[in-house]
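Novice: Got a structure here, written out as structure tokens. Questions coming.
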Amino acid sequence: MKLKYLLVLTIFALLTACVSDPKAADTASSTSDMARQAQSAPAKAPQVQVNPNSPAFAKAQKSTQSAGQKGQTADQASQDYLAKKRAEKATPIDQTRSKTNTNASTAKRIGPSLPSACSLLTEAFIGKVIGVDSDYISVKDGSGKSLTQRSCFFRWDHDGEANSGVLVQIQTNPLPDEFPDWASYYISAKKNHGDKSADGSSTYRYKDFTTVGVSGAASYDLGRYYWRDAQDRVFMVAFNLPSNETEQLAWAETFAKEVTKNVK
Numbered sequence: 004m005k006l007k008y009l010l011v012l013t014i015f016a017l018l019t020a021c022v023s024d025p026k027a028a029d030t031a032s033s034t035s036d037m038a039r040q041a042q043s044a045p046a047k048a049p050q051v052q053v054n055p056n057s058p059a060f061a062k063a064q065k066s067t068q069s070a071g072q073k074g075q076t077a078d079q080a081s082q083d084y085l086a087k088k089r090a091e092k093a094t095p096i097d098q099t100r101s102k103t104n105t106n107a108s109t110a111k112r113i114g115p116s117l118p119s120a121c122s123l124l125t126e127a128f129i130g131k132v133i134g135v136d137s138d139y140i141s142v143k144d145g146s147g148k149s150l151t152q153r154s155c156f157f158r159w160d161h162d163g164e165a166n167s168g169v170l171v172q173i174q175t176n177p178l179p180d181e182f183p184d185w186a187s188y189y190i191s192a193k194k195n196h197g198d199k200s201a202d203g204s205s206t207y208r209y210k211d212f213t214t215v216g217v218s219g220a221a222s223y224d225l226g227r228y229y230w231r232d233a234q235d236r237v238f239m240v241a242f243n244l245p246s247n248e249t250e251q252l253a254w255a256e257t258f259a260k261e262v263t264k265n266v267k
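Residue 4 is where the sequence shown starts when you use this note's numbering, and the numbers rise one by one after that.
Right, here's the structure in full:
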């Protein structure tokens, strides 16, 4: 009985081996087709998926950003360096040029050194000419910080009027480069255009004043007398005193001669 059962099992196994499995055949065929397609198709690089949250990706991203920042920093540093070098290169030249121009300009504006206007007349001389006690005359230098002008006011109370006196002034060309004929024009303008009164209501033209110097201008109404010398220095004597025209002109001529004698 056992032998009969074994024989049946053997025959069944043989029959099964002889019959092909369609699914297996299909699978084999599909595998073969895929193999042929893989051989005919171009090879592709393997795709690698990176987890953006991984520490490695974060480090790489940080490195990239850092490199970009360093590139920007390097560019900026280079620009700053070049700017600094240009500044260092230009600064000494500019400073020297500026300093030279300033010194030259100052020297030109100063021109010949101006004497103190207070040294051009004395209290004793003024007192003698005007007829006042020189002990009552006070002297005030009004030059200020000007480099091209010196002035001095000899003041006293004359016949009860405070702040009466004589003003002496000396000027030199403030713009020698731009206006070399300043002194000549200054005197001419007094005679051709005149000066306004203190309240601005009237204009007074000057007359010739030829007592001293190269040319001059005189105004009795304004009490001012101007003249220029051969060095193009302009002088003025002004009066704040009651007088008639003849008397004032005589004072002006006397003081002008004294100033011309005392000027250095």
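In this text, a Cβ means the ideal position worked out from N, Cα and C, and glycines have one as well. Here the structure is a predicted model, which is why all the values come from computation and not from measurement.
Give me the Cβ distance between residue 218 and residue 190, rounded to the nearest whole Å; I'm assuming they're in contact under 8 angstroms.
Specialist: The Cβ separation is near 5 angstroms, so the contact holds.
Novice: Could you tell me whether the Cβ atoms of residue 238 and residue 152 are closer together than 8 angstroms?
Specialist: Against a cut-off of 8 angstroms, the Cβ pair of residue 152 and residue 238 comes out as no contact.
Novice: Please name the residue or residues paired with residue 229 in a DSSP beta bridge.
Specialist: DSSP output for residue 229 lists 220 and 239 as bridge partner(s).
Novice: Apply the 10 Å Cβ neighbour rule to residue 202 and answer buried if 16 or more other Cβ atoms are within range, or exposed otherwise.
Specialist: With fewer than 16 Cβ atoms within 10 Å of its Cβ, residue 202 is classed as exposed.
Novice: Can you name, in chain order, every residue of its own chain whose Cβ lies under 6 angstroms from the Cβ of residue 258, other than the five neighbours on each side?
Specialist: 240, listed in sequence order.
Novice: Kindly indicate the opening and closing residues of the alpha helix (DSSP H) around residue 126.
Specialist: Run containing residue 126: 126–133, per the alpha helix (DSSP H) assignment.
Novice: Do the stretch 114–132 and the stretch 244–259 make contact, defined as three or more Cβ pairs closer than 8 angstroms?
Specialist: At 8 angstroms Cβ cutoff, the stretches touch.
Novice: Along the beta strand (DSSP E) that carries residue 173, what are the first and last residues, could you check?
Specialist: It spans 164–174 - the beta strand (DSSP E) in which residue 173 sits, taken as one unbroken run.
Novice: In terms of residues, what are the limits of the beta strand (DSSP E) holding residue 251?
Specialist: Run containing residue 251: none in the beta strand (DSSP E); it sits in the alpha helix (DSSP H), 248–265.
Novice: Between 232, 176 and 224, which has its C-alpha nearest residue 264's C-alpha?
Specialist: Checking every option, the nearest Cα to that of residue 264 belongs to 232.
Novice: To the nearest angstrom, how far is the alpha carbon of residue 227 from that of residue 186?
Specialist: The alpha-carbon atoms of residue 227 and residue 186 are separated by roughly 16 angstroms.
Novice: Just to confirm my understanding: we take residue 252, look at its own chain, exclude 5 residues before and 5 after, and list those with CB closer than 6 angstroms. What are they?
Specialist: Closer than 6 angstroms at Cβ, skipping near neighbours: no residue.
Novice: Would residue 209 and residue 221 qualify as a contact pair, given that the criterion is a beta-carbon distance under 8 angstroms?
Specialist: The answer is yes: Cβ separation under 8 angstroms.
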